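The structure appears right after this line, and notes come after that.
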Amino acid sequence: MTNRYKQQALDYHSQPKPGKIATAITKPCETQHELSLAYTPGVAEPCRAIARDESEAYNYTAKGNLVSVISDGTAVLGLGNIGPVAGKPVMEGKAVLFKAFADIDVFDIEVEADSSEDFIRTVRNIAPTFGGINLEDIAAPACFEIETALIEQLDIPVFHDDQHGTAIIISAAMINALKLQRKKIAEVRVVCLGAGAAGIASMKLLQALGAKPENLYMIDRKGIIHTGRDDLNKYKQEFAVETELRTLADAMSGADVFIGVSGPDLLSSEILATMAENPIVFALSNPDPEILPELAYKTRDDLIMATGRSDYPNQVNNVLGFPYIFRGALDVRATCINQEMQLAAVHALAELEREPVPSEVLTAYQQDSIVFGKDYIIPKPFDPRLIDAIPLAVSKAAIASGVACKLPVKNNQSKVG
446 MTNRYKQQAL
456 DYHSQPKPGK
466 IATAITKPCE
476 TQHELSLAYT
486 PGVAEPCRAI
496 ARDESEAYNY
506 TAKGNLVSVI
516 SDGTAVLGLG
526 NIGPVAGKPV
536 MEGKAVLFKA
546 FADIDVFDIE
556 VEADSSEDFI
566 RTVRNIAPTF
576 GGINLEDIAA
586 PACFEIETAL
596 IEQLDIPVFH
606 DDQHGTAIII
616 SAAMINALKL
626 QRKKIAEVRV
636 VCLGAGAAGI
646 ASMKLLQALG
656 AKPENLYMID
666 RKGIIHTGRD
676 DLNKYKQEFA
686 VETELRTLAD
696 AMSGADVFIG
706 VSGPDLLSSE
716 ILATMAENPI
726 VFALSNPDPE
736 ILPELAYKTR
746 DDLIMATGRS
756 DYPNQVNNVL
766 GFPYIFRGAL
776 DVRATCINQE
786 MQLAAVHALA
796 ELEREPVPSE
806 VLTAYQQDSI
816 VFGKDYIIPK
826 PFDPRLIDAI
836 PLAVSKAAIA
846 SGVACKLPVK
856 NNQSKVG
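Just so you know, we're using the numbering used here here: the sequence shown kicks off at 446 and counts up by one.
In structure tokens, the structure reads:
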């Protein structure tokens, strides 16, 4: 980033007043009568109704459209463990995206926690406020323990976007890349560089789509995760393969797919050159990918490539997922976001991308034409069809899998039913 851009970012966050979010009043409060309805004595009536039946909170309060974006600041973007307060601009940013793309209200909450148990207890204690919990920027492996415990203890959706949001977008893009490269998911060898939250969740979802466990090679700082290692936590152990291969170079020779969720410049052109014909490379480290597209295309002109950056084609961007996934879950008051709902989002994204691109998208991206192909394997973030396609698919999956507590309102039932 240039100094000018850095200053623009600071000005954006500080002017004309600090921060990116604020609260808004949704009911009139300009007369004595309205004041009496908003507070005492009128407020007693919804309180009594909720005391009789807690589900009435969805009718009389903002709970049903309110999500908490909550973090301990231990794994913030590419910044690492910078702490909860330093991570607050990111959480406010997430709130902006929820509201801008899916009209979901958010309270961002930054937690100073001494342990996973402390964090879990804090979230559990404040959960009655919300219709859903979006866990954010929590380091692995604690993030797995935290999410699992909260899903078990709460009856509202709990979703760690760094895990599942990333996995959903990767999987949707992968379906289309495989289609273009004429490869089958059950047959390809996949190498995942990075064994944290995003890597593990992505490999799980690819397995759910049909990838064979023996064809998945996950690599951490010590090399390939294999059955002969005795230093693996239980989350990595799920992906240990029986192999004599040990290094990234070993795994990449003849591989069909590379997924990088690790760090910059870790994939050399020499290693890329050893991949199978028509390879797929998702170099998703941000802001600097595992290999720059310019170098990758110079090395292999038969590849399909995606990054996490907006200045290259095929951006794997979580904003394609989490706002709409929560919208679909909240619309039917789902008690969780299960794998059926995640897979529904994957397929809806992949299918949407193969449809003709509307003129609004062409205008937003200043292009005359965008068609399904090597430079377009995933929808653009400003595609207006996302708000219809993804929540609908997620809502349907929630209903079909039995985790929805209500059906959509009548004017939407023809869509979802």
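Yeah, the Cβ is synthetic: ideal placement off N, Cα and C, and Gly gets one too.
Please read these numbers as outputs of a predicted model, since none were measured by experiment.
Go ahead and label residue i buried or exposed: buried means 16 or more other beta carbons lie within 10 angstroms of its beta carbon, across all protein chains shown.
i, result
"A558", "buried"
"R497", "exposed"
"C781", "buried"
"S755", "exposed"
"M446", "exposed"
"K451", "exposed"
"R634", "buried"
"A795", "buried"
"A741", "buried"
"G862", "Note that G862 scores 42 on pLDDT, short of 50, meaning its location in the model is unreliable; the coordinates nonetheless yield the value given after this. Its Cβ having fewer than 16 others within 10 Å, G862 is exposed."
"E735", "buried"
"A467", "exposed"
"N510", "buried"
"R627", "exposed"
"V488", "exposed"
Taking the alpha-carbon of residue i as reference, which of the options has the nearest alpha-carbon?
i, options, result
"R424", "G818, A849 and E798", "The question about residue 424 has no answer, for the chain in this structure spans 446 to 862."
"A694", "A653, M663 and D676", "M663"
"A834", "I815, H792, L852 and G610", "H792"
"E715", "T744, K533, I565 and P709", "T744"
"S707", "I571, P732, N723 and E479", "P732"
"N621", "F817, I549, K851 and S840", "F817"
"G525", "Q626, F827 and A585", "A585"
"P758", "L765, V764 and M750", "M750"
"K465", "K825, D813 and V551", "V551"
"F827", "N762, C850 and P836", "N762"
"A545", "A507, A483 and L765", "L765"
"A547", "A809, K649, Y769 and T808", "Y769"
"I583", "N570, H605, I571 and R566", "H605"
"P738", "L717, L599 and Q598", "L717"
"I591", "A572, F564, I615 and N570", "F564"
"K539", "G610, A631, A507 and E479", "G610"
"T506", "I470, H478 and E475", "I470"
"L599", "C474, S481, R449 and R566", "R566"
"V839", "L775, K649 and P803", "L775"
Can you name the start and end residues of the alpha helix (DSSP H) that residue i belongs to?
i, result
"S560", "That residue, S560, is in no alpha helix (DSSP H); it is neither H nor E in DSSP."
"N504", "A502 to Y505"
"C492", "A489 to R497"
"H605", "Counting along the chain, H605 falls outside any alpha helix (DSSP H), though it belongs to the beta strand (DSSP E) covering V603 to H605."
"S714", "S714 to L717"
"G432", "As displayed, the chain neither begins before 446 nor continues past 862, which places residue 432 out of reach and without an answer."
"F817", "That residue, F817, is in no alpha helix (DSSP H); it is neither H nor E in DSSP."
"A728", "Careful: A728 lies outside any alpha helix (DSSP H), inside the beta strand (DSSP E) at I725 to A728."
"L650", "A642 to A653"
Skipping 5 residues on each side, what residues in its chain have a beta carbon closer than 8 Å to that of residue i?
i, result
"S846", "N783, E785 and M786"
"I515", "M536, D553, I554, E555, V556, V568, I578, N579, L580 and E581"
"Q477", "none"
Among residues of its own chain, excluding the 5 on either side of residue i, which ones have a beta-carbon nearer than 7 Å to its beta-carbon?
i, result
"S713", "none"
"L455", "none"
"A653", "Q784 and L788"
"I527", "G518 and V521"
"G523", "N731 and P732"
"N660", "V633, R634 and V635"
"E872", "Outside the displayed span of the chain (446 to 862) sits residue 872, for which this structure offers no information."
"Y810", "K825"
So, are the CB atoms of residue i and residue j less than 8 Å apart?
i, j, result
"A656", "Q608", "no"
"P602", "A842", "no"
"P529", "G518", "yes"
"V541", "G532", "no"
"L595", "M619", "no"
"A617", "I832", "no"
"K679", "V777", "no"
"A612", "S647", "yes"
"F589", "V512", "no"
"N723", "D746", "no"
"L625", "K462", "no"
"L623", "I630", "yes"
Looking only at its own chain, which residues have a Cβ that is under 6 Å from the Cβ of residue i, when we skip the five neighbours before and after it?
i, result
"K681", "A640 and I670"
"N504", "none"
"K667", "none"
"D710", "none"
"L729", "G705, V706, G753 and V761"
"A703", "Residue identity differs from the one stated: residue 703 is Phe in this sequence, not Ala. If we look at F703 and ignore the five residues flanking it on each side, its Cβ neighbours are V636 and V726."
Assuming residue i is part of the beta strand (DSSP E), what are its boundary residues?
i, result
"G577", "G577 to L580"
"Y662", "L661 to D665"
"G538", "Careful: G538 lies outside any beta strand (DSSP E), inside the alpha helix (DSSP H) at K533 to A547."
"C588", "Run containing C588: none in the beta strand (DSSP E); it sits in the alpha helix (DSSP H), A587 to Q598."
"G705", "V702 to G705"
Counting contacts by CB-CB distance shorter than 8 Å, is residue i in contact with chain B?
i, result
"R745", "Although the question refers to chain B, the structure presented lacks it and comprises just one protein chain."
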